[in-house]
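These notes are about the structure you will find just below.
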Amino acid sequence: MTKFFYQTELDDFKATAHWLALRGWSEAAGGNMSIRLDCQDSSLADLPEDDHIKLPVDVPYLAGKAVLLTGSGTRAREIGVDPLPHIGLYKISEDGRHYGWVAGNNNPSMELPAHFAIHNTLERHRPEDKAVLHTHPVSLIALCHMPEFNNGFNNAKTISDKILSMQSEARLILPEGIGFVKHELPGSLELGLKSALELKRHHLVLWQYHGLLATGETLAGAFDKVEVLEKSAQIYWQVLVAGLDPKGIKKAEIKHTLKAFGRLERYFPD
Ligand code: 13P
Ligand code: ZN
673 MTKFFYQTEL
683 DDFKATAHWL
693 ALRGWSEAAG
703 GNMSIRLDCQ
713 DSSLADLPED
723 DHIKLPVDVP
733 YLAGKAVLLT
743 GSGTRAREIG
753 VDPLPHIGLY
763 KISEDGRHYG
773 WVAGNNNPSM
783 ELPAHFAIHN
793 TLERHRPEDK
803 AVLHTHPVSL
813 IALCHMPEFN
823 NGFNNAKTIS
833 DKILSMQSEA
843 RLILPEGIGF
853 VKHELPGSLE
863 LGLKSALELK
873 RHHLVLWQYH
883 GLLATGETLA
893 GAFDKVEVLE
903 KSAQIYWQVL
913 VAGLDPKGIK
923 KAEIKHTLKA
933 FGRLERYFPD
């Protein structure tokens with residue numbers, strides 16, 4: 673295996689995978705992660721034409737950039753111990769239409785189309801977000817089976833308003849709420865493109881019956897947001913299981929809190 677050395681990023685993969693495994697959100701080989709690099713590394717300068725693999729979608733904003741991506745079938749509980757064998761380094765060609773494997777694991781996650789489509793959107797709209805994390809949190813996936821959140825009518829808003837009203841600081845972390853993508857084939861380009869669209873405005877997208885997609889400046893930062901949303905969902909379920917109606921914090925209170933912290937302009941209640 674060719675070696676590469678991006679210690680800060682490897683540490684981020686390692687620590688995040690460790691916590692994903694501890695939380696039980698990335699069972700078996702569930703979930704995947706990537707980090708976009710700025711690619712000043714001269715060893716990554718050119719991709720030989722022979723190594724070009726056609727991308728399922730053009731990614732012009734990634735032209736010449738590189739991405740670290742977990743391998744397909746890799747386990748969070750093992751990445752959390754030793755990340756190096758489980759992460760591959762990929763370079764995007766200068767025309768933004770091809771990519772090639774450079775080093776490390778060379779069997780990329782089946783969600784490569786989603787990761788690349790999302791990084792392309794992030795590079796354009798939110799370049800500081802370099803990390804993309806996909807995982808399978810229990811309480812959030814369970815929400816997808818509730819008729820209340822599954823009526824096809826603006827699920828993103830219904831879930832955001834209800835779940836982020838369960839705890840007084842949740843909406844402060846996610847004032848825009850979350851995005852939602854209806855069930856799509858895992859690994860499909862459609863899943864990637866629809867997520868990329870949602871991520872223009874949101875940092876989190878719930879994949880119906882599948883899991884969550886999060887972005888952040890680092891994987892640890894993306895993980896923070898997953899924790900906040902999943903905890904709010906856990907509170908929702910606990911109140912329900914106690915036989916009570918999880919009504920949540922009133923909209924006026926939510927607005928008051930957001931205003932006090934200068935985040936009201938990121939909240940779109942209607
Ligand atoms: P990979 O192991 O191919 O990354 O797939 C895991 C997954 O969760 C797909 O959505
Ligand atoms: Zn998945």
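Residue numbering for the sequence shown is 673 to 942, as defined by our numbering. Ideal Cβ positions, reconstructed from N, Cα and C, are used throughout, including at glycine. It should be emphasised that the depicted structure is a prediction, and the values quoted were computed from it without experimental measurement.
For Ser775, three-class secondary structure by DSSP: Stepping through the sequence shown from its first residue, residue 775 is reached at position 103. In the sequence on display, residue 775 carries Ala and not Ser. In the structure shown, Ala775 falls within a strand segment according to DSSP collapsed to helix, strand and coil.
query: Any chance the stretch 783–795 sits against the stretch 699–709, with 3 or more Cβ pairs inside 8 Å?
result: These segments touch.
- request: Anything with a beta carbon under 7 Å from a heavy atom of the ligand 13P counts; list them all in chain order.
  value: Checking every Cβ against the heavy atoms of the ligand 13P under 7 Å gives Ala701, Gly702, Gly703, Asn704, Thr742, Ser744, Gly745, Thr746, Ser781, Met782, Glu783, His806, His808, Pro858, Gly859, His882, Gly883.
message: Tell me which residues share the same chain as Glu783 and place their Cβ nearer than 8 Å to its Cβ, disregarding the 5 neighbours each side in the sequence.
response: Numbered from its first residue, the sequence shown carries residue 783 at position 111. Same-chain partners within the cutoff: Asn704, His806, Pro858, Gly859, Leu863, Gly864.
query: Excluding the five sequence neighbours on either side, which residues of its own chain have a C-beta within less than 8 Å of the C-beta of Lys927, listed in chain order?
result: Counted from its first residue, the sequence shown places residue 927 at position 255. Counting only Cβ-Cβ distances below 8 Å, and skipping sequence neighbours, we find Leu936, Tyr939, Pro941.
Distance between Gly851 and Ser837 (C-alpha atoms, nearest Å): The residue given as residue 837 occupies position 165 in the sequence shown. The residue given as residue 851 occupies position 179 in the sequence shown. Cα atoms of Ser837 and Gly851: separation of roughly 16 Å, rounded to the nearest angstrom.
field: Collapsed DSSP secondary structure at Phe940 in the structure displayed
entry: Residue mapping note: residue 940 aligns to position 268 of the sequence shown, counting from 1. Per DSSP, reduced to three states, the secondary structure at Phe940 is coil, with no helix or strand assignment.
- request: Reducing DSSP to helix, strand and coil, say where Trp697 ends up.
  value: Translated into the one-based positions of the sequence shown, residue 697 becomes position 25. If DSSP states are grouped into helix, strand and coil, Trp697 belongs with coil.
message: Considering only DSSP beta bridges, list what Gly888 is partnered with.
response: Here the question's residue 888 lines up with position 216 in the sequence shown. DSSP lists Ala803 as partners of Gly888.
- prompt: Which ranges does the beta strand (DSSP E) cover as unbroken runs of at least 3 residues, wholly within the stretch 730–756, from first to last along the chain?
  reply: The stretch 730–756 contains these whole beta strand (DSSP E) runs: 738–742.
message: Quick check: what's the CA-CA separation for Tyr762 versus Val739?
response: Taking the sequence shown and counting its residues from 1, the one referred to as residue 762 is at position 90. Taking the sequence shown and counting its residues from 1, the one referred to as residue 739 is at position 67. Taking the straight line joining both Cα atoms gives about 5 Å.
Ala775 and Ile835 closer than 8 Å at C-beta: On the sequence shown, position 103 is the one that residue 775 refers to. On the sequence shown, position 163 is the one that residue 835 refers to. No, Cβ-Cβ distance for Ala775 and Ile835 is not below 8 Å.
message: Checking 8 Å against the spacing of the C-beta atoms, do Phe676 and Leu891 come in under that value?
response: In the sequence shown, counting from the first residue as 1, residue 676 sits at position 4. In the sequence shown, counting from the first residue as 1, residue 891 sits at position 219. No, they are not a contact pair.
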